[in-house]
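Numbering (full-length UniProt numbering), first residue to last: 1 to 145.
Inspection log for the structure reproduced underneath, given as structure tokens.
Pasting the structure below:
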């Protein structure tokens, strides 16, 4: 298996087939067909592009997980939901990257953030006060209080 310039696996197939036998000879004239390359597409984004926070010993930080990772075959787009759930009696707070805030829905036992892949990057979009905001996401932490 070969790898193309952009790192996508590909397969090269070359076929050699005799096309004509010479009378009185066991030798044939061979023809080589052109190489055919097939490319196996990769998802535009993968969940591991986002660093997900883990619970710490003090139980202030809580685990961040993802669910519903879907890659659409028609245009190779991807979506997923990032989620965190606080322990019973606590509220969860989600933080993107480092101190960039998270979804405007706060003070819930479970916080979800739907993200979509755009140009190979995970993007969180939210409309707040009539203004649409897109934020590139590379790290998510969750806290409880």
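Every residue, glycine too, gets a C-beta built ideally from N, C-alpha and C.
{"query": "Could you have a look at residue 48 and say whether DSSP puts it in helix, strand or coil?", "result": "helix"}
{"query": "Measure the C-alpha to C-alpha separation of residue 74 and residue 57 and round it to an integer number of angstroms.", "result": "44 Å"}
{"query": "Measure the alpha-carbon distance for residue 138 versus residue 53 and round it to whole angstroms.", "result": "11 Å"}
{"query": "Measure the CB-CB distance between residue 115 and residue 50 and report whether it falls below 9 Å.", "result": "yes"}
{"query": "Hey, could you find the ends of the beta strand (DSSP E) residue 77 is sitting in?", "result": "77-85"}
{"query": "So residue 115 is in the beta strand (DSSP E); what residue range does that whole segment cover?", "result": "110-118"}
{"query": "Starting from residue 123, trace the beta strand (DSSP E) both ways and give me its first and last residue.", "result": "121-128"}
{"query": "Using the Cα positions of residue 130 and residue 87, report the straight-line distance between them to the nearest angstrom.", "result": "33 Å"}
{"query": "Taking 6 Å as the limit between beta carbons, can you name the residues of its chain near residue 95, skipping five residues before and five after?", "result": "102 and 141"}
{"query": "Residues in the same chain with beta-carbon distance under 8 Å from residue 62, minus the five sequence neighbours each way, listed in chain order, please.", "result": "53, 55, 84, 85, 86, 87, 92, 142, 143 and 144"}
{"query": "For residue 131, does the three-state DSSP call read helix, strand or coil?", "result": "strand"}
{"query": "Where does residue 57 sit, in a helix, a strand or coil, going by DSSP?", "result": "coil"}
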